[in-house]
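Here's the structure, in structure tokens; my notes come after.
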Amino acid sequence: MFSNAITWWTFFKISIHERLIYRADFMLGTLMRFLPTLTQIFLWWAIYDVISTPGSIDQTGGPDGDIAGYKYGDMVAYYLLVIISRAFSSMPGLTRGIANQIRSGEVKKFLIQPVDMQGCLLMQRIAHKLVYYLIATIPFALVFWLCGDFFVDGWPEWDVLIVFYCSLLLSFLLGFFLESCIGLIGFWFLEVTSLTFIYMLMTFLLSGHMFPLDLLPDSIGNFVDFLPFKYLAYFPAAVFLGKVEGAAMYQGLAVEVFWVVLFIVLSRILWWKGIKHYAGFGG
Amino acid sequence: MQPSYLKVFLTFARNSLIRDMSFRMNFVLQCLSSMSWAAMNWGLFKIIYRHTGEIGRGTGWHENEFFIFLGTVWIVNSLVQTFFMANAEEFSELIRTGNLDFALLKPIDTQFLISFPRVNWAQVSNGILGVLLIIYSMFKIYSQDPEAAEIGTAGVMSKKFSWIAIPAFLFFVGCGATVMYSVMICLASTSIWFGRNQNLYNFWFYITNFYRYPMEIYQRGGGIGMALWCTFTFVIPILVVSNIPARILAQPLGSPWKTWEWGLAAFAIVASLWSLLASRWVFRKALLSYRSASS
Numbered sequence: 062m063f064s065n066a067i068t069w070w071t072f073f074k075i076s077i078h079e080r081l082i083y084r085a086d087f088m089l090g091t092l093m094r095f096l097p098t099l100t101q102i103f104l105w106w107a108i109y110d111v112i113s114t115p116g117s118i119d120q121t122g123g124p125d126g127d128i129a130g131y132k133y134g135d136m137v138a139y140y141l142l143v144i145i146s147r148a149f150s151s152m153p154g155l156t157r158g159i160a161n162q163i164r165s166g167e168v169k170k171f172l173i174q175p176v177d178m179q180g181c182l183l184m185q186r187i188a189h190k191l192v193y194y195l196i197a198t199i200p201f202a203l204v205f206w207l208c209g210d211f212f213v214d215g216w217p218e219w220d221v222l223i224v225f226y227c228s229l230l231l232s233f234l235l236g237f238f239l240e241s242c243i244g245l246i247g248f249w250f251l252e253v254t255s256l257t258f259i260y261m262l263m264t265f266l267l268s269g270h271m272f273p274l275d276l277l278p279d280s281i282g283n284f285v286d287f288l289p290f291k292y293l294a295y296f297p298a299a300v301f302l303g304k305v306e307g308a309a310m311y312q313g314l315a316v317e318v319f320w321v322v323l324f325i326v327l328s329r330i331l332w333w334k335g336i337k338h339y340a341g342f343g344g
Numbered sequence: 016m017q018p019s020y021l022k023v024f025l026t027f028a029r030n031s032l033i034r035d036m037s038f039r040m041n042f043v044l045q046c047l048s049s050m051s052w053a054a055m056n057w058g059l060f061k062i063i064y065r066h067t068g069e070i071g072r073g074t075g076w077h078e079n080e081f082f083i084f085l086g087t088v089w090i091v092n093s094l095v096q097t098f099f100m101a102n103a104e105e106f107s108e109l110i111r112t113g114n115l116d117f118a119l120l121k122p123i124d125t126q127f128l129i130s131f132p133r134v135n136w137a138q139v140s141n142g143i144l145g146v147l148l149i150i151y152s153m154f155k156i157y158s159q160d161p162e163a164a165e166i167g168t169a170g171v172m173s174k175k176f177s178w179i180a181i182p183a184f185l186f187f188v189g190c191g192a193t194v195m196y197s198v199m200i201c202l203a204s205t206s207i208w209f210g211r212n213q214n215l216y217n218f219w220f221y222i223t224n225f226y227r228y229p230m231e232i233y234q235r236g237g238g239i240g241m242a243l244w245c246t247f248t249f250v251i252p253i254l255v256v257s258n259i260p261a262r263i264l265a266q267p268l269g270s271p272w273k274t275w276e277w278g279l280a281a282f283a284i285v286a287s288l289w290s291l292l293a294s295r296w297v298f299r300k301a302l303l304s305y306r307s308a309s310s
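Sequence order for the protein chains is A and B. Okay, so the first sequence: first residue is 62 according to the working numbering, each after it adds one. Okay, so the second sequence: first residue is 16 according to the working numbering, each after it adds one.
And the structure:
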């Protein structure tokens, strides 16, 4: 148990150092991430301008219209918050990494060494993400300070904040195990590029990354509500903005826990079934 | 002897097609994937137009007009991705590996040689989708009964279609593609100085993000908006790329073109020539700093 902990700690430390190499590049990259949000701000201004009473102005200095319960300020705040959710839940390269290891035969090392593949990957991810938050805090703080006026209601209550943070942590786990599952399918398919692409498309659309899910017509919205994707982006943002309140908020959190557990179990099953099926191509 | 550039280009195109056709399933998947991104984009605006009738008050970008705009963006995008994108990435790679040496040795213009060797045929699918979307939206706009339109949504005027619009549209799409090509060559050339430009694609995505919407949304956006509009019209002229051709077909304001619209169109021609020259200059300047790599 103790030696296990040391192994994990070593993995963790290596990954941290790995990530600290290109700090400046990293910070710049993070700032650039907000550029598309800039166009979103103008686009939504133009949309809200049309549906508002001419000349009217709300607290943000923007038009006062309302789309599916979102004021102009809410809409911009939503897009900013979604960037935070995605900073937790997106796992660039995880699926492809796993599939490549399976295809190239590199996965063999986990069959020989007393190290669990998923545990190792999880440690690496946590380290990467921690470094990311450490460095990205500066550009994030800058942007949120500049855009502070869009958050009309200010900071939410403390219980909402706690749920918000929990949902972010859970979205990290959900993202990790969901993408692991897709990567592990590589045991059977070898080539998962198209599968990854479908997943990317689904998350972009159904997680609320593209637009708040409340905008969807009810017939589609009710269906999307049953999928795990919305916890990757929409749910934390909606909690912060008070779009999901009270009992519904806690219920949502519980459902998120359920999805996380489901995908942990599923990924374990896929792993055990996978290595039984594994034939060890390549060197 | 002067090489025949057209023949060389046709050979490139043919080779690329042969290569694409040897992995047919991959080709189909690539087509499908780029088309599904486009479809999602379309879906987003379909949803937005459920809640509003226009983007920007009084700009005339109603649903059908806007979809002409979107179609134009797809067409320009598909041109860029078919002809330039893969090549620009390859150029960065040539610099890093030092294989640019071989391109420099060949008795043909280097910029031509690195700009066109690969034609990514799968990306044509998006352009076709764009054409279809434009035709469909045009049909909806011009088949509107003028009297019914007058009573219906405010501000909709009957528009008259003239056949001159089509060659004009194609001409300005061409201008747009030229501008995009120039911006891309400039970006790719920077990898000579930086050693490697891994963020090329990202940076490209972030820049082109600005030309995906009608420019009115910036013009009405206060100080920052105006600054953005000026930057992306006069410094990096990517806003004219989509706006001019789309305006020609969609005629968002319904009335004959105003002076500023003519002015902007004239500017688009100047801008495309100017940016082509600028890219040539940057490319040459960058080549002077090239010091080869590896062996």
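Every residue gets a Cβ at the ideal spot worked out from N, C-alpha and C, and that includes glycine. This one's a predicted model, so the numbers in the text were calculated from it and none came from an experiment.
When the Cα atoms are used, what is the spatial distance from residue i to residue j?
i	j	result
residue 273 (chain B)	residue 78 (chain B)	22 Å
residue 94 (chain A)	residue 17 (chain B)	46 Å
residue 313 (chain B)	residue 54 (chain B)	This structure gives no information on residue 313 (chain B), because the portion of chain B shown stretches from 16 to 310.
residue 218 (chain B)	residue 302 (chain A)	31 Å
residue 117 (chain B)	residue 21 (chain B)	21 Å
residue 98 (chain A)	residue 59 (chain B)	15 Å
residue 252 (chain A)	residue 41 (chain B)	11 Å
residue 164 (chain A)	residue 328 (chain A)	18 Å
residue 195 (chain A)	residue 101 (chain A)	26 Å
residue 205 (chain A)	residue 294 (chain A)	18 Å
residue 261 (chain B)	residue 190 (chain B)	13 Å
residue 96 (chain B)	residue 194 (chain B)	14 Å
residue 184 (chain A)	residue 151 (chain A)	15 Å
residue 319 (chain A)	residue 325 (chain A)	10 Å
residue 161 (chain A)	residue 173 (chain A)	18 Å
residue 278 (chain B)	residue 268 (chain B)	16 Å
residue 198 (chain B)	residue 137 (chain A)	30 Å
residue 50 (chain B)	residue 93 (chain B)	10 Å
residue 234 (chain A)	residue 335 (chain A)	21 Å
residue 307 (chain B)	residue 222 (chain B)	29 Å
residue 184 (chain B)	residue 281 (chain B)	14 Å
residue 309 (chain A)	residue 192 (chain A)	33 Å
residue 250 (chain A)	residue 339 (chain A)	11 Å
residue 192 (chain B)	residue 253 (chain B)	10 Å
residue 218 (chain A)	residue 271 (chain A)	27 Å
residue 146 (chain A)	residue 232 (chain A)	7 Å
residue 142 (chain A)	residue 311 (chain A)	19 Å
residue 211 (chain A)	residue 157 (chain A)	37 Å
residue 132 (chain B)	residue 316 (chain A)	52 Å
So residue i is in the alpha helix (DSSP H); what residue range does that whole segment cover?
i	result
residue 189 (chain B)	180-209
residue 65 (chain B)	39-66
residue 154 (chain B)	139-157
residue 123 (chain B)	Element bounds for residue 123 (chain B): n/a, residue is neither H nor E.
residue 102 (chain A)	96-112
residue 268 (chain A)	Careful: residue 268 (chain A) lies outside any alpha helix (DSSP H) and carries neither H nor E.
residue 234 (chain B)	231-234
residue 156 (chain A)	155-165
residue 75 (chain B)	That residue, residue 75 (chain B), is in no alpha helix (DSSP H); it is neither H nor E in DSSP.
residue 286 (chain A)	279-286
residue 112 (chain B)	101-112
residue 324 (chain A)	307-338
residue 132 (chain A)	It is not in any alpha helix (DSSP H) - residue 132 (chain A) carries neither H nor E in the DSSP assignment.
Give the C-beta separation of residue i and residue j to the nearest angstrom, bearing in mind that I take them to be a contact with Cβ-Cβ under 8 Å.
i	j	result
residue 260 (chain A)	residue 243 (chain A)	6 Å
residue 139 (chain B)	residue 86 (chain B)	With 8 Å as the limit, residue 139 (chain B) and residue 86 (chain B) do not qualify as a contact, their Cβ atoms being about 14 Å apart.
residue 110 (chain B)	residue 207 (chain B)	5 Å
residue 83 (chain B)	residue 153 (chain B)	7 Å
residue 286 (chain B)	residue 255 (chain B)	6 Å
residue 91 (chain B)	residue 188 (chain B)	6 Å
residue 229 (chain B)	residue 67 (chain B)	Rounded, the Cβ-Cβ distance is 14 Å, inconsistent with contact.
residue 247 (chain B)	residue 220 (chain B)	About 15 Å separates the two Cβ atoms, so there is no contact after all.
residue 204 (chain B)	residue 301 (chain B)	4 Å
Within 8 Å (strictly less), CB to CB, does residue i reach chain D?
i	result
residue 268 (chain B)	Of the protein chains in the structure, A and B, none is chain D.
Stretch-stretch touch, CB-based, cutoff 8 Å, three pairs: the region 279-297 of chain A with the region 122-133 of chain A: no
Three-pair Cβ contact test at 8 Å for the region 171-191 of chain A versus the region 63-74 of chain A: yes
Stretch pair the region 60-73 of chain B + the region 104-111 of chain B: three plus CB contacts closer than 8 Å: Judged by Cβ distances under 8 Å, the region 60-73 of chain B makes no contact with the region 104-111 of chain B, as fewer than three pairs qualify.
4-residue-minimum alpha helix (DSSP H) runs that sit fully inside the region 208-241 of chain A, ordered along the chain: none
The region 113-129 of chain B contacting the region 230-237 of chain B, beta-carbon criterion three pairs below 8 Å: no
Segment contact, 8 Å Cβ cut-off, at least three pairs: the region 255-270 of chain A with the region 172-180 of chain A: no
Any beta strand (DSSP E) of 3 or more consecutive residues that is wholly inside the region 232-310 of chain B: none
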